[in-house]
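Below you'll find the structure, written out as structure tokens, and then a few comments.
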Amino acid sequence: MKLAFFKTGELQGPLKHVNALLDYLRGRGVELRIINLDPQNVQKAVEELQEFKPSFTMDLNGTGIIVGESEGEKKPLYDILGFVHFSLFTEEPLLHFPNIRGLVHRNLVAVVTDIKYADSLRMMGVENISYVTPFLDFSLFPPPSGERDIEVAFLGPVIDPQIVLNAVQKNMPENMFPLFVEVGEFMFRNPEVNVLTALGYILGVFNPQFQEEFNEWRQKDEFAFFRFLNDTAIYATMRKRWYIVNFLEGVNLKILGDYQGDLKEDHEHIPIESYEDLYSIYGRTNLTVMSFPHTVPTGIGFAPLEVSAMGSAGLVDFRGTLSSFLKPGEEILAYTPLDRADIEEKILYYLDNPGEVREVGERAREAVVDRYRVDDRGEFMISMMRDILSQAQREEPAEEKQEQS
């Protein structure tokens, strides 16, 4: 089997774990070629693709979808040339809507790491969707520190939500801004809700005249509409995180990553220069507090797995799907979302019981090493490719018989 992987620049952050998938496929006999896709010279990639003649191509988050023209209609290259394209969505597809929206995708198989990403993709016209859980490239992680000198850290980015509101208001029609705020606040109060669900619910509360105005605006400026969705998810996420860090006064909290806003006296902001630095800090941290972004609606996401891989105990907002990934209380710790008393009580308890926290971190590390390797995800991809080839071979004789008759 031949597979071409479209690469647009170096893989950064969690995307680096995909290298392990590519290595696994190569090791299992897949003839793999990496094709560097330069937006300024797409023809070069097309020529290399035509020379290689793969049965399958692959990209990340729709970044390798090349658009051509056939019979006066814009179509993805994989539909024009007749090969199957896998797009692995490690992020919310709405963030990558310019790559996907407005095309018919017959030969696209979207592979998502969060089951709710399927809703976003179907809204953009993609129907062939498969699911895999995230996986880690364990060669990226340094050995955890022998001494954990950071008691509790909070994983950012953390941005004062008022900063987000001010930025959004400058780029949004005045009459749409109240809807933006209401949807964001609804998502803040309902941490597991998807932005599409939240928008549908809140829009239904507005009067019919406004609903008509909104739908006209959406149809007129689709780019602005998708930006509305993405900005709303960002606002709701920052609203949650800002709420948590601001009532944790008296806790020596190390905030990791981007931070914008006034810093509490007991808190320390630690900028992150690279993912290597971040992994090293995880390895020094006893308890890492996280708040799921709204762009990860139901899945575990990569961050809690990376924290666990470094032996730090993750403390995350509880959601109904959590036990499907890591065992709450044993392999990961959880707090009730937006419950200030529960969050404060648990953090203070774990600060007073560091040995118990270290045991959770050790079990978490064992769990992700055992269950979040690339092997079964790689086998899943190979199985899909074999099934597609088998189906194509069965269909060819039937087409030949039709032509003969």
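Take the sequence shown: its letters are residues 2 to 406, numbered as in the working numbering. For each residue, glycine too, the CB sits at the ideal point set by N, CA and C. This structure is a prediction, so every number in the text was calculated from the model and none was measured.
Nearest-angstrom Cα separation, counted from residue j out to residue i
i, j, result
"residue 405", "residue 392", "Because residue 405 carries a pLDDT of 46, less than 50, the predicted location of this residue cannot be relied on, and no value is offered for it."
"residue 66", "residue 114", "19 Å"
"residue 202", "residue 363", "42 Å"
"residue 317", "residue 310", "15 Å"
"residue 387", "residue 156", "40 Å"
"residue 358", "residue 347", "11 Å"
"residue 126", "residue 331", "41 Å"
"residue 8", "residue 251", "46 Å"
"residue 167", "residue 367", "44 Å"
"residue 103", "residue 298", "24 Å"
"residue 11", "residue 21", "14 Å"
"residue 29", "residue 373", "19 Å"
"residue 38", "residue 6", "9 Å"
"residue 69", "residue 128", "21 Å"
"residue 81", "residue 381", "26 Å"
"residue 217", "residue 385", "41 Å"
"residue 402", "residue 56", "Residue confidence is low: residue 402 scores 48 on pLDDT, short of 50, so the model does not pin down where it sits. No coordinate-derived value is stated."
"residue 24", "residue 17", "12 Å"
Nonlocal neighbours in the same chain, by C-beta distance under 8 Å from residue i, ignoring five residues either side
i, result
"residue 13", "276"
"residue 246", "155, 159, 254, 256, 265 and 268"
"residue 353", "none"
"residue 228", "172"
"residue 51", "82"
Close beta carbons around residue i, own chain, < 6 Å, minus the five adjacent residues each side
i, result
"residue 193", "320"
"residue 287", "149, 152, 355 and 358"
"residue 89", "61 and 112"
"residue 378", "133 and 136"
"residue 248", "341"
"residue 187", "199 and 203"
"residue 75", "68"
Residue i vs residue j beta-carbon contact at 7 Å
i, j, result
"residue 96", "residue 231", "yes"
"residue 270", "residue 254", "no"
"residue 281", "residue 241", "no"
"residue 179", "residue 258", "no"
"residue 236", "residue 135", "no"
"residue 184", "residue 200", "yes"
"residue 344", "residue 350", "no"
"residue 63", "residue 101", "yes"
"residue 421", "residue 31", "Residue numbering for the chain in the displayed model covers 2 to 406; residue 421 lies beyond these limits and cannot be assessed."
"residue 285", "residue 146", "yes"
"residue 210", "residue 204", "no"
Among the options, nearest to residue i - alpha-carbon criterion
i, options, result
"residue 360", "339, 379 and 333", "333"
"residue 26", "246, 4 and 39", "4"
"residue 329", "343, 340, 314 and 341", "314"
"residue 296", "94, 109, 374 and 2", "94"
"residue 279", "261, 305 and 294", "305"
"residue 84", "242, 292, 53 and 177", "53"
"residue 122", "22, 138, 105 and 342", "105"
"residue 143", "274, 372, 128 and 307", "307"
"residue 137", "79, 19 and 199", "19"
"residue 243", "263, 233 and 225", "263"
"residue 312", "283, 302, 301 and 300", "283"
"residue 370", "175, 212, 327 and 147", "327"
"residue 234", "207, 24 and 92", "92"
"residue 224", "99, 56, 381 and 81", "99"
"residue 47", "212, 261 and 77", "77"
"residue 165", "272, 260, 191 and 119", "260"
"residue 226", "109, 79, 238 and 177", "177"
"residue 219", "174, 107, 131 and 272", "174"
Burial state of residue i, where buried means 16 or more other Cβ atoms lie within 10 Å
i, result
"residue 117", "buried"
"residue 35", "exposed"
"residue 289", "buried"
"residue 87", "buried"
"residue 300", "buried"
"residue 302", "buried"
"residue 206", "exposed"
"residue 40", "exposed"
"residue 42", "exposed"
Residue i at chain B interface by Cβ criterion, 7 Å
i, result
"residue 93", "Of the chains in the structure shown, none is chain B; there is only one protein chain."
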